[in-house]
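Taken in order, these protein sequences are the chains called A and B. Taking numbering that gives the first Met the number 0, the leading residue of the first sequence gets 0, the next gets one more, and so forth. Taking numbering that gives the first Met the number 0, the leading residue of the second sequence gets 0, the next gets one more, and so forth.
Number of protein chains: 2
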Amino acid sequence: MNDLITLHPEAQALLFTDARTANTFTDEPVSDAQLRTIHELAKYPPTAANTQPLRVLYVRDGEPRERLLTHMNEGNRAKTATAPVVAVLAADTDFHEFVPRVFPIRPQMRDALAEDPAGREQMARFNATLQIGYWLLAVRAAGLAAGPMGGFDAAGVDKEFFADSSWQSLLVVNIGKPGPDAWFPRLPRLDYDEVVRHA
Amino acid sequence: MNDLITLHPEAQALLFTDARTANTFTDEPVSDAQLRTIHELAKYPPTAANTQPLRVLYVRDGEPRERLLTHMNEGNRAKTATAPVVAVLAADTDFHEFVPRVFPIRPQMRDALAEDPAGREQMARFNATLQIGYWLLAVRAAGLAAGPMGGFDAAGVDKEFFADSSWQSLLVVNIGKPGPDAWFPRLPRLDYDEVVRHA
């Protein structure tokens, strides 16, 4: 027990210390209400100028799942086929259209961003990735396990699902209740002195 | 109250619903033990192949703080001058050196990454940004407020502090206890139906 941590020990365990990436899932369905719940938490932590560029495509069973599987690396295919729901997390490069509403103190930022597609793409991908960090912990807060996977063909997924939109896929995440042998032993984490310096 | 959320309501408030980005701070110091505590939580959530490329430079008062201030956008300078401690969050593009220890099931990944500096940089920046999401919530879990700022000269900071290293700065974050008038009213968040699609 570290008494410098304000967060309750049960919450520490749920979100950080005991939570694990799941590789198998039970048949227990994930409801639309549970997916809305994830958003109710994940929407709050900060993004640059409150731009919130993260977008989520939820893929349930059937033909869309089959199409998604063709773009997953082979090692990720079996678990992506059996998870109750799969999330494709993406950055919306047209996030600037929302600026007048989400950042009303500087609505003219929309027009400046409209003229800078390269800067907009960079800003969208950075802030959406930050939001994925929040989102993964929100999945755990909703009592679900997440299985994030970078091993997929992003260009293929974008063509398959986002051809008519400004979304760019960043990560694919299986969601559900952990099944049998859902995880391997935890891998080592780097020590404080390996990742932190003091100036 | 949403009974689909497993996370205790006090923890929801601390990390998500009531937490705010702080723009002013009290004089109360942040101890090294508190900074270690942030790492004890932030180190756990997942990264690709457990690579953990996030690095943190903590800047306290004095000459290093003065040097940092010269690279902050003018609007961020006053708050960065007065926060008890400032974190420069960075991606380590030489993260692959740790692969044999942190991903022992595939130690040869180190050599493959050694030959792909461009892929390594992309992987470092993406996974470190994901970890910043975890890290910001860990700051809150430690009972502190964070004030993340994208408005700084990243190339200038890298030259000033990381010239002899493989670190690339991504975000600067003030940390401390919120001071008087620490925040503006909360800005609007996008609705579920604006950011989510179902396939």
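Where a beta carbon is used, it is the ideal one built from N, C-alpha and C, also for glycine.
Report all residues from its chain with a CB closer than 7 angstroms to the CB of residue i; omit the five preceding and five following residues, and keep chain order.
{"i": "R66/B", "result": "E159"}
{"i": "N75/A", "result": "M148, G150 and F151"}
Whose Cβ in chain B lies nearer than 7 angstroms to the Cβ of residue i?
{"i": "L186/A", "result": "N49, V101 and F102"}
{"i": "V70/A", "result": "A quick correction: the sequence has His, not Val, at residue 70/A. By Cβ distance, chain B contributes nothing, its closest Cβ being about 13 angstroms from H70/A, past 7 angstroms."}
{"i": "E9/A", "result": "H7"}
{"i": "P63/A", "result": "A198"}
Using a threshold of 8 angstroms, state whether the C-beta atoms of residue i and residue j are closer than that.
{"i": "R119/B", "j": "A89/B", "result": "no"}
{"i": "S168/B", "j": "V87/B", "result": "yes"}
{"i": "P184/A", "j": "A144/A", "result": "no"}
{"i": "V101/A", "j": "P187/B", "result": "yes"}
{"i": "L13/B", "j": "L6/A", "result": "yes"}
{"i": "R59/B", "j": "V98/B", "result": "no"}
{"i": "A198/A", "j": "P8/B", "result": "no"}
Exposed or buried, residue i, counting other C-beta atoms within 10 Å across all chains shown (16 or more means buried)?
{"i": "T23/B", "result": "buried"}
{"i": "E73/A", "result": "exposed"}
{"i": "I37/B", "result": "buried"}
{"i": "Q130/B", "result": "buried"}
{"i": "A162/B", "result": "exposed"}
Using a Cβ cut-off of 8 angstroms, pull out every chain A residue sitting near residue i, in sequence order please.
{"i": "I4/B", "result": "T36, E39, L40, A140, A141 and G142"}
{"i": "F97/B", "result": "L189 and E193"}
Considering only residues of the same chain and omitting the five flanking positions on each side of residue i, which have a CB-CB separation below 6 angstroms?
{"i": "R124/A", "result": "A90"}
{"i": "A41/A", "result": "Y133, W134 and A137"}
Going by Cα to Cα distance, which pick from the options is closest to residue i?
{"i": "P179/B", "options": "D26/B, Q51/B, A18/B and L136/B", "result": "D26/B"}
{"i": "A117/A", "options": "E96/A, D31/A and T92/A", "result": "T92/A"}
{"i": "E193/B", "options": "Q51/A, G175/A, V171/A and S168/A", "result": "Q51/A"}
{"i": "A154/B", "options": "A140/B, H70/B, E62/B and P83/B", "result": "H70/B"}
{"i": "W182/B", "options": "A21/B, D2/B and L6/B", "result": "A21/B"}
{"i": "Q11/B", "options": "A141/A, P147/A and V195/A", "result": "A141/A"}
{"i": "Y57/A", "options": "K176/A, L186/A and V171/A", "result": "V171/A"}
{"i": "V195/A", "options": "D31/B, L14/B, L3/B and P8/B", "result": "D31/B"}
{"i": "D175/A", "options": "L14/A, I4/A, M148/A and A82/A", "result": "Per the sequence shown, residue 175/A should be read as Gly rather than Asp. The shortest C-alpha separation from G175/A is found at A82/A."}
{"i": "N173/A", "options": "A47/A, D152/A, L189/A and M148/A", "result": "M148/A"}
{"i": "R105/A", "options": "P63/A, D60/A, N49/A and R139/A", "result": "N49/A"}
{"i": "P45/B", "options": "A18/A, D60/A and G61/A", "result": "A18/A"}
Please list, in chain order, the chain B residues whose beta carbon lies closer than 9 angstroms to that of residue i.
{"i": "I131/A", "result": "T128, L129 and G132"}
{"i": "L56/A", "result": "V195, R196, H197 and A198"}
{"i": "F160/A", "result": "R196 and A198"}
Taking 8 angstroms as the limit between beta carbons, can you name the residues of its chain near residue i, skipping five residues before and five after?
{"i": "V156/B", "result": "L67, H70, V87, S168 and V171"}
How would you list, in chain order, the residues of chain B whose beta-carbon sits under 8 angstroms from the beta-carbon of residue i?
{"i": "Q33/A", "result": "L3"}
Whose Cβ in chain A lies nearer than 7 angstroms to the Cβ of residue i?
{"i": "T20/B", "result": "P45"}
{"i": "F125/B", "result": "T128"}
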